[in-house]
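Below is one structure; the comments refer to it alone.
Chains as they are written, first to last, in this note's numbering: chain A, 1 to 300; chain B, 1001 to 1300.
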């Protein structure tokens, strides 16, 4: 059997089942970042992301933007846990024949994003590689009361999303701003029951929340904020790498959130959490409800 | 200018100079692991290593050994700081056409090494890639008093190395045991002034200690423990990926160390630290002293 026949999520499930964890681990594989025992009031967070030339970027892309993306997608993971990013280690695989300017551009982009979000670049590994590969691992911290997992969604939670989704391939996947200040505002001012960043596509990532929370959901086509870059509504639901936040909070406070939201970044209430028995539905503009199969970007 | 014209260490120096760090960082780029503020008595350590198919291993190598190596070289880095490994995140780039058994073998090897040394596998990233790439980032902890940097070597320190060096390409680079228990014994029982693991070759890695400590050294051909796998003495000095520990401690306690050393792992006193003004010398079996240029494994 080949890897792509099994699929990414099934493969991860299989790996995950084999792992046993010590009591120091609050949450291991299966959220945007790992949650580790740290101090009386805080947890430590740990996440990692790998970008491969030809899959997540092309050599024709601007090196600085590729570096920015490598750092930003990790910061987005820490944001999705309600936390603050701290320390990063950078591994870069580079062809020896690569132009030095391109290699330095990658680091420049990484550094700019790190500086913008208060991340210290504390180490790394530089190796030879046929194709460019960048891996960043990032630690973070989160106050225990602010931790937001995928697994906390409750019935009648309102489902929100930041920004616009779809068509990120045209540029946004390389040049996005992780929603760190938005996430910190949310956890500091509301009881956010669940949160995730959109890397696999809205349906897949909301699907992760539903699976981990054992819940269903109803979302409404006419409320989903679709980017002008998206080919159409259906693809916007499945396009990956938007790096927006999807989060849920108790329905009764949704109004207050919209009222006091202080940022230019748009937020949209796109639906409600319901019981898993009811399932996952999309209500079309026509009023017709369709059952959703949460498929997203396939990594293999 | 191409990357390989500049060389790995010059490139890292250049990157390093551009990085500014906050006061939370005790030691950033330039040691086996980063050292971060943590608790009253301890520092946190953070390291990362990337292995690329065709550079650090071949697809014909046993998957489990490749996974073991990926985990073990990170544990070796934490050991070289005097610390204990804790939490790992694993990024793996895999071709979709890869046999599922091979992919599972990689994780099996990673998990075995993690279990052996008390490391929790807490997260990761799985992506598509033309060649297999494995990146592991590993945290650790070290008591403040036990931290061993590259920069602490002092004049008249005895220079020791564990095990045998050279010819690791024949198997050991895939199937070695990181010297964690040896390192912990050393830091718990002696004032170890400097330590590094041999990944770039003895001369290059002892060279890192000398550079960071601003010292020189004299080592003796007849005391260097050369592996049976090594082609010859001169190549053994430069072969990479031995993953033995090189460390220095005050000359007067060298005798006590050899007396109370409790492990089967060999240790050899191979020379002495001297002033940087004197330089870095190898004394041949003939008694002739040669000036050393610390070159090691070239990664580009």
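Ideal Cβ positions, reconstructed from N, Cα and C, are used throughout, including at glycine.
These figures come from a predicted structure and were not determined experimentally.
Cutoff 9 Å: residue i Cβ touching any chain A Cβ
i              : result
residue 1239/B : no
residue 1121/B : yes
residue 1198/B : no
residue 1085/B : no
residue 1208/B : no
residue 1001/B : yes
residue 1101/B : yes
residue 1021/B : yes
residue 1056/B : yes
residue 1067/B : no
residue 1014/B : yes
residue 1107/B : yes
residue 1064/B : no
CB contact check: residue i to chain B, cutoff 9 Å
i             : result
residue 150/A : no
residue 288/A : no
residue 95/A  : yes
residue 71/A  : no
residue 195/A : no
residue 11/A  : yes
residue 128/A : yes
residue 302/A : Residue 302/A lies beyond the range of chain A shown here (1 to 300); nothing can be said about it.
residue 60/A  : no
residue 174/A : no
Chain-order list of residues whose beta-carbon lies under 6 Å from that of residue i (same chain, five-residue window excluded)
i              : result
residue 79/A   : 178, 179, 180, 183
residue 1098/B : none
residue 215/A  : 153, 273, 276
residue 1206/B : 1246
residue 222/A  : 285
residue 986/B  : With chain B represented from 1001 up to 1300, any question about residue 986/B goes unanswered, as that position is not in the structure.
residue 1282/B : 1219, 1290, 1292
residue 1073/B : 1049
residue 68/A   : 109, 113
residue 237/A  : 202, 203
Counterpart residues of residue i in DSSP-defined beta bridges
i              : result
residue 1216/B : 1274/B
residue 195/A  : 247/A
residue 1015/B : According to DSSP, which records beta bridges pairwise, residue 1015/B is partnered with nothing at all.
residue 1039/B : Answer by DSSP bridge pairing: none, since residue 1039/B is not bridged.
residue 1226/B : 1165/B
residue 136/A  : 49/A, 90/A
residue 1157/B : 1250/B
residue 1268/B : 1161/B
residue 241/A  : Answer is none; residue 241/A lacks a bridge partner.
residue 1057/B : 1053/B
residue 1034/B : 1046/B
Same chain, Cβ closer than 8 Å to residue i, five either side skipped, listed in chain order
i              : result
residue 1119/B : 1071, 1075, 1085, 1086, 1087, 1088, 1113, 1138
residue 1024/B : 1036, 1037
residue 1250/B : 1154, 1156, 1157, 1158, 1191, 1193
residue 188/A  : 146
residue 1231/B : 1166, 1167
residue 1053/B : 1059, 1131, 1132, 1133
residue 1266/B : 1162, 1163, 1164, 1225
First and last residue of the uninterrupted beta strand (DSSP E) at residue i
i              : result
residue 282/A  : 280-283
residue 92/A   : 84-94
residue 1301/B : Shown here, chain B extends from 1001 to 1300; a query on residue 1301/B therefore has no answer.
residue 1120/B : 1120-1128
residue 1026/B : 1025-1027
Own chain partners of residue i with C-beta closer than 7 Å, once the 5 adjacent residues on each side are dropped
i              : result
residue 1186/B : 1192, 1247
residue 1143/B : 1041, 1042
residue 26/A   : 35, 36, 37, 43
residue 1279/B : 1216, 1291
residue 1261/B : 1267
Residue span of the alpha helix (DSSP H) that contains residue i, given as start and end
i              : result
residue 78/A   : 63-80
residue 1104/B : 1100-1116
residue 1236/B : 1233-1238
residue 1289/B : No alpha helix (DSSP H) holds residue 1289/B; the beta strand (DSSP E) holding it covers 1289-1291.
residue 1005/B : 1003-1006
beta-carbon residue i near the ligand FMN non-hydrogen atom, thresh 8 Å
i             : result
residue 176/A : As presented, the structure is devoid of all ligands, the ligand FMN included, so that no description of it is given.
### Cβ contact (3+ pairs, closer than 8 Å) linking the stretch 112-132 of chain A and the stretch 1028-1039 of chain B
yes
#### Entry: contact_flag[the stretch 55-62 of chain A, the stretch 1094-1106 of chain B] where n(CB pairs < 8 Å) is 3 or more
no
### Task
Report yes or no: do the stretch 150-165 of chain A and the stretch 221-241 of chain A share at least 3 C-beta pairs separated by less than 8 Å?
yes
#### Entry: Contact the stretch 1195-1215 of chain B vs the stretch 1132-1150 of chain B: 3+ CB pairs below 8 Å
yes
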